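Remarks on the structure that follows.
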Amino acid sequence: MRRARAEILSTRRLGAYTTLTLVAPEIAERAKPGQFVAVAMPKGREFILRRHFAVHQASRRGGWAGTLEFVVDASGPGTGWLANARAHETLDVIGPLGRPFAYPKKLTNCVLVAEGRGAATIYFLAQELLARHKRVDMVIGAPDMESVFKPIEAKRLSQTVAVMTADGSLGGRGGVLDALPEALERAKAEVLYAAAPSQTLRSIAELCVARRIPAQVAVEERMGCGYGLCHSCVVPVARKDGSGFDQLRACVDGPVMNPARVLWDRWLSEAPKVLPTPPGGVPVVRDWPGTGEGAWRA
Amino acid sequence: MRRARAEILSTRRLGAYTTLTLVAPEIAERAKPGQFVAVAMPKGREFILRRHFAVHQASRRGGWAGTLEFVVDASGPGTGWLANARAHETLDVIGPLGRPFAYPKKLTNCVLVAEGRGAATIYFLAQELLARHKRVDMVIGAPDMESVFKPIEAKRLSQTVAVMTADGSLGGRGGVLDALPEALERAKAEVLYAAAPSQTLRSIAELCVARRIPAQVAVEERMGCGYGLCHSCVVPVARKDGSGFDQLRACVDGPVMNPARVLWDRWLSEAPKVLPTPPGGVPVVRDWPGTGEGAWRA
Amino acid sequence: MAGVKRSLAVDVGGLRMVTPVLIASGCAGTGKELAGLVDQHRIGAIVSRTITVASRKGAPTPRIAETASGLVWETGLQNPGMDAFVAEELPRLARTQTPVVVSIGGGSLEEYVRLTSALQGRPEVAAIEINLSLPDDEMDRPILGTHADRVSEIAGAVARSSLVPVFAKIPGGCDDVAGLAAAAVRSGATGVTLCGSPPALAVDAVRLRAELGAVAGWLSGPALKPLTLRAVFEVARALPGTPILASGGVRTGVDAVECLLAGAWAVQVGTATLIDPAAPVEVAQQIARYLKSKNVASPSDVRSRLRVPAATAPTQEARR
Amino acid sequence: MAGVKRSLAVDVGGLRMVTPVLIASGCAGTGKELAGLVDQHRIGAIVSRTITVASRKGAPTPRIAETASGLVWETGLQNPGMDAFVAEELPRLARTQTPVVVSIGGGSLEEYVRLTSALQGRPEVAAIEINLSLPDDEMDRPILGTHADRVSEIAGAVARSSLVPVFAKIPGGCDDVAGLAAAAVRSGATGVTLCGSPPALAVDAVRLRAELGAVAGWLSGPALKPLTLRAVFEVARALPGTPILASGGVRTGVDAVECLLAGAWAVQVGTATLIDPAAPVEVAQQIARYLKSKNVASPSDVRSRLRVPAATAPTQEARR
Ligand SMILES: Cc1cc2nc3c(=O)[nH]c(=O)nc-3n(C[C@H](O)[C@H](O)[C@H](O)COP(=O)(O)OP(=O)(O)OC[C@H]3O[C@@H](n4cnc5c(N)ncnc54)[C@H](O)[C@@H]3O)c2cc1C
Ligand SMILES: Cc1cc2nc3c(=O)[nH]c(=O)nc-3n(C[C@H](O)[C@H](O)[C@H](O)COP(=O)(O)OP(=O)(O)OC[C@H]3O[C@@H](n4cnc5c(N)ncnc54)[C@H](O)[C@@H]3O)c2cc1C
Ligand SMILES: Cc1cc2nc3c(=O)[nH]c(=O)nc-3n(C[C@H](O)[C@H](O)[C@H](O)COP(=O)(O)O)c2cc1C
Ligand SMILES: Cc1cc2nc3c(=O)[nH]c(=O)nc-3n(C[C@H](O)[C@H](O)[C@H](O)COP(=O)(O)O)c2cc1C
Ligand code: FES
Ligand code: FES
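So the protein sequences, as listed, match chains A, B, C and D.
For the first sequence, this note's numbering gives the first residue as 256, with consecutive numbering after it.
For the second sequence, this note's numbering gives the first residue as 256, with consecutive numbering after it.
For the third sequence, this note's numbering gives the first residue as 160, with consecutive numbering after it.
For the fourth sequence, this note's numbering gives the first residue as 160, with consecutive numbering after it.
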């Protein structure tokens, strides 16, 4: 993990998103798919915390060596400011942060699911999987055509791609869940990766549990720091031995997690947020085949 | 007083200052020398109050009709932001605010004193005095050459100009007070106007009282609003009848004030700031010759 | 619900206003300044600066200092005294057609009673707000309203001699807001304003001095909003049905709605009015838009509608 | 004074630090996170997250919400419990070579005593900070430290059984800070931390919900600085000679110097560390530059050096 004053090399509007390319060799060198960066807000603003962005591209070789790219989905003051940042301005960036996706040692057929800006992290992952000779199939979803991030890129990276939009303006009408079962069949999926809003991830997790497909998902939780100082970003994760659960920090123990061990109800339930521990205790979650420590490689 | 979303027509670096020219016809039409505008800060900043600037130029006729100019001396976050604003951005401006300088009905020889950015308001005043066929002489001071605002303009507007800098880099070495007595002689001063930091104004006031020269000065006090709502900006001013003093709001009862009636000690004393009323009561200040209500014209 | 008839009008314990947005005490001028800057018919009410028995010159300048998203202020309650106020400022304020709430402040029970009497029978007075953040001359304490017994005594006395609604403005920075509010309401106050500015200080490190002429001051502005929301929330839960005016950090319609959701009946806009004199009207318009988006008829329909777990004190839950 | 030997080192009631800048409780991780982000030898001390007798899962998420120049937080004091802390986290914190102040929190006198005992004889513990912002299980009050009698009792008991300096962290948002501080110090605490985060609330108007999973929370960040300065100022005047650690809104060296001028002996940096992990070191460097500009040798030379009028309580003066 490094801290850099990184110059913005270029910015680009892409549908609903803005991509920022930074000159940040020390971070780019180390960044892996699933990891993120923490970007400081400018001084003098009333919004003070860093904002967090998944690494979309980290170039170690070629003309772009030393550059780092991330994708901004402008939804509030922080992302709005970043989306309007200009080339040659500098950003205070810390990264790469968090645990990256791990690659399967033996299994080959990978289905990658992305919703909205989740595609940024998923395409980076796809590249690395391809470099490891895995088969990649994708399911990409978004509310509308504008919000489907780089559909051409998805095509380029995968054997098959299913694009789904809620309004049907691109690909099929519906969400990623509507296309996922078929994609799993088609690809003879052995492993699943996903980056999506947490309610979607929860449904994906259920599917994976039902079908016993080992999976890794990139979660998001509000972060106070991004490097483990504050315990803001916790996700309840069942212990392997069934002795209960731990509130693990998404920023250091995540953002990539095993969805089978995340206690989704506890994490995402709307109300009451203050859940009693169920009388029966926390569910015991054992590893599925292929999901034990030994099955993955960093 | 009007509120406008005013476009910045142009900005210009001038030595230590930046001048901003706005398109604000409704304000420009009404603005008189001594008045000021209140400029809103951009949303989302941690500094929230409006900033206040004396009107430097308000063009009612000709190619610049409807434009308003003010001068920014960047010294903190608000002025720093404004000094870096660019053409075509818009500002939320309220003005013109406050009581302007009044012009003498009969007296003719006016000496105008400005220190630093005070020149902005003084040059505007000089134009209007010239239009009323008064004689104008000036004393202009600043810490250094960079901070002497538009010395050429001063020459253009006055019979004689004394320029003083603390470091002697332009004109004489010293402050405006060092040059003022001579200037008063030379100009056969009948009336004095000044815009300067308050400690300088206080010394000028003493000189005017000693020489019985009617005077008007533009004061500055920290403002919460700029239009009379909050009573932040008060200056202690002696009542004419000797019955005591009033805390008058610089934003509505000023910024132009009669320096002979300002209780400078009470206003500017460093410590203790909490002054008891002197046992003898407040000084009785009667009008000097030529300073009564009847002697001035708006 | 398509044909729902929407109105911003509220009746806060007898104080009837066309919108649930007031200008806070000390931020509305003296009656003539707002003309031309805002449509005064669309302001719920104006709270006067705090009036005392005798006139006050107020604090030395500087009287304000900016802080992060806030300001520290101390005007020293400059005001012309109650007689001059009633003779000159009150009629001028009333001429704006906006209901006038008169803020009163004293150092003793007697002063509060005299102030209340001076306002009786004046049709221009729509309500009284009791500023309890003054030093207590009788008990020799720095802030009168931090003690429930004094709040009771003073709110009770004012309420007994007043024919108009009486709101006790609980000082900011008190740990037992609900207890102080209860003291006020139980002794007769119509409702409470939550809260006054909490005690604060701004320092000029370069000159080794306090920023303010008065040295210490009071915090206002957006920085305060989370404290205001909490105070409103606690009092609304402890004293359901009590009219609450929220004050502290309200700048936008969303801020105002947050206060209503937490339990306020109306909001006061102070610092934001200094920055944008049209703020009180814009806040009301934004509340109207919110009501429309939620398809409800009136500000009271969202009051205290914050969804919370059924259980008890939130602090406690969180800590289990 | 050209040859003045300047040092940032301070001794705060026996807590010796290379700089007068600590990382505040709950903002320093668990011992391994700061490595690589900041030079830990140049941090005065680290205050641990608050440790309780039993382990705590903490509050549901979201645990933070941004507000104007601040944030509302409620972690629910997630921590592994005192035994696991002493066994694992404490040695890891100590390995950073930064002095460790352990923050302890309980709901009863007994819990505080047990926590203190568990820390005795551990050379890694440079000092104890008593978090008094927890609910009082014995007296059934929402916040334990708002009552002077409880502060006395608990600070006294902890101090009696502790061999290291003890600082009582007075809850934020209390009206009688000086009284609470006096209660702590008179019953044996070495000094006080002023203050904890005050109770706050953040609301999501669109979803009609509290922003935090725990509903209510606590305010931190730059928004707080004027309240912190006031608390420090009041306590330093009321209890001269009492070691004070300022906490709340310190982000820059200038903020820190302001606290020192108001009467603090050292400052804690919480929220600013989350945003910029190097902040505690940069704050110290900026303090050093300030000392140089004023040509003084040590942070203690500017302590309480705010120039104020000779008279009494500032509030009162301003109001005359
Ligand atoms: C690990 C991780 C990776 C992310 N990757 C991306 C990405 O690649 N592209 C992208 O556009 N966004 C990404 N986000 C979300 C992004 O950080 C938020 O959208 C952004 O912080 C919102 O800030 P704002 O000021 O625009 O909006 P606001 O909603 O006003 O933010 C208010 C506060 O909430 C927090 N917040 C709001 N939304 C989220 C969220 N979804 N997750 C976490 N915190 C949030 C903010 O950080 C801030 O503290 C990621 C978040 C995390 C945790
Ligand atoms: C009537 C009037 C006319 C003015 N005319 C001009 C002008 O023509 N050009 C110009 O550059 N400046 C002028 N000033 C001063 C200008 O308003 C301040 O320099 C500016 O507000 C500083 O803001 P800041 O954020 O840059 O600095 P900061 O010092 O950080 O400001 C902090 C706070 O103090 C206030 N403040 C700081 N300095 C002054 C000051 N001298 N007078 C009043 N308030 C102050 C600010 O408004 C703000 O609220 C005028 C002030 C007044 C009252
Ligand atoms: C300049 C100024 C003057 C004030 N004067 C008074 C006053 O006279 N009486 C009073 O009760 N409150 C006074 N207040 C406090 C406000 O009424 C209000 O309670 C506080 O500022 C918090 O609200 P805000 O954040 O909307 O400003 C004053 C506030 C400011 C900023
Ligand atoms: C995320 C977070 C967690 C905190 N946890 C604790 C804690 O466990 N114990 C405690 O006494 N204070 C805790 N605090 C409060 C800080 O120690 C500090 O007193 C407060 O945040 C104000 O200082 P600041 O403005 O520098 O953040 C926490 C603050 C934050 C933001
Ligand atoms: S965001 Fe601070 S610990 Fe994860
Ligand atoms: S600045 Fe508000 S009254 Fe003058």
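We treat Cβ as the ideally placed atom computed from N, Cα and C, and that holds for glycine.
Just so it is clear, the structure is predicted and the values come from calculations on it, not from any experiment.
query: Simplified DSSP state of D335/C, which is helix, strand or coil; result: coil
query: Any non-hydrogen atom of ligand 6 within 7 angstroms of R504/B CB; result: yes
query: Minimum Cβ-Cβ distance from T493/D to chain A less than 8 angstroms; result: Residue 493/D is absent from the structure shown; chain D starts at 160 and stops at 479.
query: At least three beta-carbon pairs within less than 8 angstroms, the segment 325-335 of chain D to the segment 328-341 of chain C; result: yes
query: Interface residues of the segment 210-227 of chain D facing chain A [CB-CB below 7 angstroms]; result: K216, G217, P219, T220, P221, R222, I223, E225, A227
query: Partner residues on chain A for T387/D, Cβ-Cβ distance less than 8 angstroms; result: Simply none; closest approach about 16 angstroms.
query: R165/C versus P458/C: straight-line alpha-carbon distance, rounded; result: 9 angstroms
query: Where E401/B sits in the DSSP three-state scheme; result: helix
query: Near ligand 7: M296/A beta-carbon under 7 angstroms from a heavy atom; result: As far as ligands go, the structure on display features ligand 1, ligand 2, ligand 3, ligand 4, ligand 5 and ligand 6 and does not contain ligand 7.
query: Cutoff 8 angstroms: D334/D Cβ touching any chain C Cβ; result: yes
query: Closest residue to L388/C among S379/C, A421/C, R366/C (Cα-Cα distance); result: A421/C
query: M478/B CB to nearest heavy atom of ligand 6 below 7 angstroms; result: yes
query: Simplified DSSP assignment, three categories, for K328/C; result: strand
query: Closer than 7 angstroms: T334/B CB and nearest ligand 2 heavy atom; result: yes
query: Nearest to V490/B (by Cα), restricted to the options Y482/B, L518/B, P351/B; result: L518/B
query: CA nearest to the CA of S292/C, picked from T275/C, I263/C, R281/C; result: I263/C
query: Whether V409/D touches V426/D by CB criterion (8 angstroms); result: yes
query: Nonlocal neighbours in the same chain, by C-beta distance under 6 angstroms from G270/A, ignoring five residues either side; result: E401
query: Distance, P436/D Cα to D481/A Cα; result: According to the sequence provided, residue 481/A is Gly. The question's Asp does not apply to it. Approximately 11 angstroms between the Cα atoms of the pair.
query: E301/A: contacting residues in chain B (beta-carbon distance under 7 angstroms); result: G299, R300, E301
query: Boundaries (first-last residue) of the beta strand (DSSP E) holding A456/D; result: Careful: A456/D lies outside any beta strand (DSSP E) and carries neither H nor E.
query: CB contact below 8 angstroms: Q312/A versus chain D; result: no
query: Three-pair Cβ contact test at 8 angstroms for the segment 498-505 of chain B versus the segment 448-462 of chain B; result: no
query: T278/D CB to nearest heavy atom of ligand 4 below 7 angstroms; result: A quick correction: the sequence has Leu, not Thr, at residue 278/D. Because no heavy atom of ligand 4 lies under 7 angstroms away, the Cβ of L278/D does not count as near it: no.
query: Contact with chain D by K528/A, beta-carbon distance below 8 angstroms; result: Only weak support exists for where K528/A lies, its pLDDT of 43 falling under 50; the value from the coordinates is given anyway. Yes, K528/A lies at the interface with chain D (some Cβ there is under 8 angstroms from its Cβ).
query: Cβ-based burial, Q502/A [other Cβ within 10 Å; buried from 16]; result: buried
query: Cα-Cα separation between D295/C and S267/C, rounded to whole angstroms; result: 6 angstroms
query: Reduced DSSP secondary structure (H/G/I, E/B, other) of T209/D; result: coil
query: Cβ of I403/D within 8 angstroms of any chain F Cβ; result: You won't find chain F in this structure, because its protein chains are A, B, C and D.
query: Proximal residues to A456/D (C-beta, below 8 angstroms), its chain only, five neighbours per side dropped; result: V163, K164, R165, S166, L450
query: Reduced DSSP secondary structure (H/G/I, E/B, other) of P533/A; result: Low per-residue confidence applies at P533/A: pLDDT is 40, beneath 50, and the placement is therefore not dependable, though the value from the model is reported in the following sentence. P533/A falls in the coil class under three-state DSSP.
query: Residues within the segment 431-445 of chain C neighbouring chain B, beta-carbon criterion of under 8 angstroms; result: T432, L433, I434, D435, P436, A437
query: C365/B, DSSP secondary structure in three states; result: strand
query: C-alpha distance - T345/A paired with H307/A, whole-angstrom precision; result: 16 angstroms
query: Whole-number beta carbon distance between E476/B and C463/B, since they are thought to touch under 8 angstroms; result: About 20 angstroms; that fails the 8 angstroms criterion.
query: Buried or exposed by the 16-neighbour rule on C-beta atoms within 10 Å, applied to V467/D; result: buried
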